[in-house]
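Worksheet: the structure to be examined is printed underneath.
Protein chains: 2
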Amino acid sequence: MSAQRAQFDTPLVFKSGAVLPRYELVYETYGKLNADKSNAILICHALSGHHHVAGHYANAPKDTGWWDNMVGPGKPINTDKFFVIGLNNLGGCHGSTGPSSIDPETGRQYGASFPVITVEDWVESQARLADRLGIRQFAAVVGGSLGGMQALQWSLAFPERVRHVLAIASAPRLTAQNIAFNDVARNAILTDPDFHGGDFYHHSVVPTRGLRLARMLGHITYLSDDAMADKFGRELRAEQFNYGYEVEFQIESYLRYQGDKFASYFDANTYLLMTKALDYFDPSHDFGGDMNQAFARAKADFLVVSFSTDWRFSPQRSREIVRPLLHNHRNVSYAEIDSSHGHDSFLMEQPQYMDVMRAYLDNVAREVAA
Amino acid sequence: MSAQRAQFDTPLVFKSGAVLPRYELVYETYGKLNADKSNAILICHALSGHHHVAGHYANAPKDTGWWDNMVGPGKPINTDKFFVIGLNNLGGCHGSTGPSSIDPETGRQYGASFPVITVEDWVESQARLADRLGIRQFAAVVGGSLGGMQALQWSLAFPERVRHVLAIASAPRLTAQNIAFNDVARNAILTDPDFHGGDFYHHSVVPTRGLRLARMLGHITYLSDDAMADKFGRELRAEQFNYGYEVEFQIESYLRYQGDKFASYFDANTYLLMTKALDYFDPSHDFGGDMNQAFARAKADFLVVSFSTDWRFSPQRSREIVRPLLHNHRNVSYAEIDSSHGHDSFLMEQPQYMDVMRAYLDNVAREVAA
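Chains Z and G supply the protein sequences, listed in that same order. Residue numbers for the first sequence follow our numbering, so the first one is 35 and each next one is one higher. Residue numbers for the second sequence follow our numbering, so the first one is 35 and each next one is one higher.
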């Protein structure tokens, strides 16, 4: 297995009106495309995800794909039956064209000049990748969190090109609280003196302070209160209080470690773009906020999955997806999984969750074979 | 009405072992101390509070006290009946000795040399103020949030000196999630290049970026998801999306405004101290985590109040106060107020809340008069 690249020379007009004259997408595939090209599944990634969804490269046996428990031979997204595609979204920092890429027009990194991108723009770029691979219609488009929003958007932008949409731990649009958390994270980056308005590449610095804070905050919202209590509680790092600002509790140690690790490799501009894409997504925006109207054009069947302790995108938010689909007489399966792991549950191997995914996708595989 | 000052020249030994040789507390009083000095109520403030609890100064008619809806003539904490004291906590930035005060030993601001302070230290300093005012026993000690922790600590440190404890929107100790939010806020300040290890005073700068982020984040946890949705929803600042990093949604405008305002007057070191005091407070710490043992020495009667949509200190956390009190056969009244305003509810005028407070304190007033 290895990553592949697709170059696109047809300009992409963003929802904002900005134009990207050319770009590359990096992607990976797993399994075999069948003769009538009807067994393809697209995996859409969330905020910090990428194209390396499953397995590992020959030269990096420890670099396992981020959804390896879900995708592979005999797994719920069964690569013995499906041809699975993972890509790095446009604007990303794992190989697809993004703010840290060289702009061929200037010979310098895009930085602040890379346009703000939306879920709609991503889906457009993903459809072009599907065209390139000769896939007219996906058996399924699957995603968790922000990935779930892309899966939903597929059903709206290209109703004829997707038979099943799997939206996991997702929401039809952000709440004010969701946007607020994103805005704090963004402000941490934007006000970092090393950010230089997004053009830090030209100053040989990286806004690690801001990116670290953004990630620390993110992690709080990915975990449930209970999961944090179970895992860390009030456990101290040392035997006694040190009455200072060094790490005192284990939870602080965990958060700072996660923040430092993330800030060492993730691109700050990509982080900003991802959070803006989350904020802007709202299929009902052009329908006066009416989600029923927004989903009237969907034709796919849907599986919507939520997790009991997810407070970033709670089960209530998933039901906001289910309701307009039912209103429009779509086939919808909805599962609320009992899990203590909060929003992160969608990445974890839990029997009930795996069973739901497997059962649904086995039916999809039978459709493909029929 | 005007603020008063009390100087203390007896060294205060902090829980950390640090010693403050001398200090001042600024305080205000409302109502009249009765002949046997039995009608005094102490108000303990939360993170950003201070001594100016009620009313306004002659020369500043708009600077109303932060709990003016609760404290005053005929109000639930009725200053026609009670002698009410508000103070600025030690380590604060509203007049009491704190990091921004001049250290008489060096002639420079304390900055990083001001010791990390705990709820226990505050209560010790408050008891000294009570001594100074000739108050042997408070009719009640009252506080919301971090103020509630101080009220609880009064019942443990000085069981004979407080007859009633009113702990509102509070918790017996922070959870890992609570600590995590504090740590992100602290790291925003600590990593601000203008913080200079706490000695920014000597560099003629203020770590406004960090303080602003800390406050923005704080505000998210003060409001409920529902309150934010009702107040802001996905309402845009302008008519259209601008696809950039300026304010797009009203919630962003609100948060940034709150952050900017706070950063313009609050001391960054005080903010750090307040969050550390929150983290450290845990009456059960010396009892192997057993809250029942911790509260065995309490002798006061208690009113515990929580608010339905408070997710910073949820009703569940208030019940963690109630349970050990009941275990120890204390008189406890518990009220869970139906409110949409989240943690901030404790500062708001809501009939059910006001009625509960008034009913409880009218009984306390009858005791005093008897």
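Beta carbons: idealized from backbone N, C-alpha and C, even for Gly. Owing to the predicted nature of the structure, the values given are computational and were not obtained by experimental measurement.
Item: Can you tell me the Cα-Cα spacing of Z:S179 and Z:F321, whole angstroms?; Value: 23 angstroms
Item: Between G:V53, G:M104 and G:L121, which has its C-alpha nearest G:D389's C-alpha?; Value: G:M104
Item: When you compare only the Cα positions, how much space is there between Z:G267 and G:T209?; Value: 6 angstroms
Item: Mind checking the segment 73-105 of chain G against chain Z and listing, in chain order, the residues whose C-beta falls within less than 8 angstroms of any C-beta there?; Value: none
Item: Are the C-beta atoms of G:I355 and some chain Z residue less than 8 angstroms apart?; Value: no
Item: Which word fits G:E354, buried or exposed, when buried means at least 16 other C-beta atoms lie within 10 angstroms of its C-beta?; Value: buried
Item: Just to make sure I have the definition right: I need the residues of chain Z whose C-beta is within less than 7 angstroms of the C-beta of G:F266. Which are they?; Value: A210
Item: Return the chain-ordered list of same chain residues with a C-beta closer than 6 angstroms to the C-beta of G:R56, the five sequence neighbours on each side being excluded.; Value: D43
Item: Tell me, which residues are paired with G:H198 by DSSP?; Value: G:D335
Item: For a cutoff of 8 angstroms on Cβ pairs, would you count Z:L289 as touching chain G?; Value: yes
Item: Just curious, the alpha helix (DSSP H) that G:E354 is in, first and last residue?; Value: P349 to H361
Item: From the beta carbon of Z:A263, is the nearest beta carbon of chain G less than 8 angstroms away?; Value: yes
Item: So does the segment 198-205 of chain G actually touch the segment 350-367 of chain G, counting three or more Cβ pairs closer than 8 angstroms?; Value: yes
Item: For Z:L306, go through chain G and note every residue whose CB falls closer than 9 angstroms to its CB, in chain order.; Value: Y279
Item: Please return the same chain residues whose Cβ sits closer than 6 angstroms to the Cβ of Z:K115, not counting the five positions on each side in sequence.; Value: A399
Item: I need the boundaries of the alpha helix (DSSP H) containing G:S287, first residue and last residue.; Value: Q284 to A297
Item: Figure out for me which residue from G:R166, G:L289, G:K109 and G:V175 has the closest Cα to the Cα of G:A393.; Value: G:K109
Item: So the alpha helix (DSSP H) G:S189 belongs to, where does it begin and stop?; Value: L180 to A191
Item: Could you pull out every residue in the same chain whose Cβ sits closer than 7 angstroms to the Cβ of G:D301, ignoring the five residues on either side in sequence?; Value: C127, G132, P133 and S134
Item: I'd like to know if the segment 88-102 of chain Z and the segment 159-171 of chain Z are in contact, where contact means that at least 3 CB-CB pairs between them fall below 8 angstroms.; Value: no
Item: Going by DSSP, which residues form a beta bridge with Z:V409?; Value: Any question about residue 409 of chain Z goes unanswered here, given that chain Z covers just 35 to 404.
Item: Do Z:R197 and Z:F172 count as a contact pair if the criterion is CB distance below 8 angstroms?; Value: yes
Item: Go through its chain and collect everything with a Cβ distance to G:V150's Cβ below 7 angstroms, but skip five positions before and after it.; Value: S50, L307 and K310
Item: Can you grab the Cα-Cα spacing for the pair G:L46 / Z:F296, in whole Å?; Value: 43 angstroms
Item: Apart from the five residues just before and just after Z:A191, which ones in its own chain have a Cβ nearer than 8 angstroms to its Cβ?; Value: E154, V157, E158 and A161
Item: What is the rounded straight-line gap between the Cα of G:A52 and the Cα of Z:T225?; Value: 35 angstroms
Item: Tell me whether the segment 312-331 of chain G and the segment 235-248 of chain G touch, counting them as touching only if at least three CB pairs, one residue from each stretch, are closer than 8 angstroms.; Value: no
Item: Rounded to whole angstroms, what is the Cα-Cα separation between Z:V406 and Z:S258?; Value: No answer is possible for residue 406 of chain Z: the residues shown for chain Z start at 35 and end at 404.
Item: Which whole-angstrom value is the C-beta distance of Z:L67 and Z:N73, which I expect to be below 8 angstroms?; Value: 7 angstroms
Item: Could you give the C-beta distance for Z:D431 and Z:Q350, rounded to a whole number, given that I count them as a contact under 8 angstroms?; Value: This structure does not reach residue 431 of chain Z, given that chain Z is present from 35 up to 404, and the question cannot be answered.
Item: I'd like to know whether the C-beta of Z:E405 is nearer than 8 angstroms to at least one C-beta of chain G.; Value: Residue 405 of chain Z lies beyond the stretch modelled for chain Z, which goes from 35 to 404, so this question has no answer here.
Item: Assuming contact is defined by CB atoms lying nearer than 8 angstroms, are Z:W101 and Z:L395 in contact in what I supplied?; Value: no
Item: Could you pull out every unbroken alpha helix (DSSP H) segment of at least 4 residues lying fully inside the segment 231-286 of chain G, listed in chain order?; Value: 242-256 and 259-265
Item: So, does the segment 246-254 of chain G touch the segment 326-343 of chain G, judging by three or more C-beta pairs under 8 angstroms?; Value: no
Item: Alpha helix (DSSP H) containing Z:S159: first to last residue?; Value: V153 to R166
Item: Looking at chain G, which residues of the segment 196-210 of chain Z have a Cβ within less than 8 angstroms of any of its Cβ atoms?; Value: R207, L208, T209 and A210
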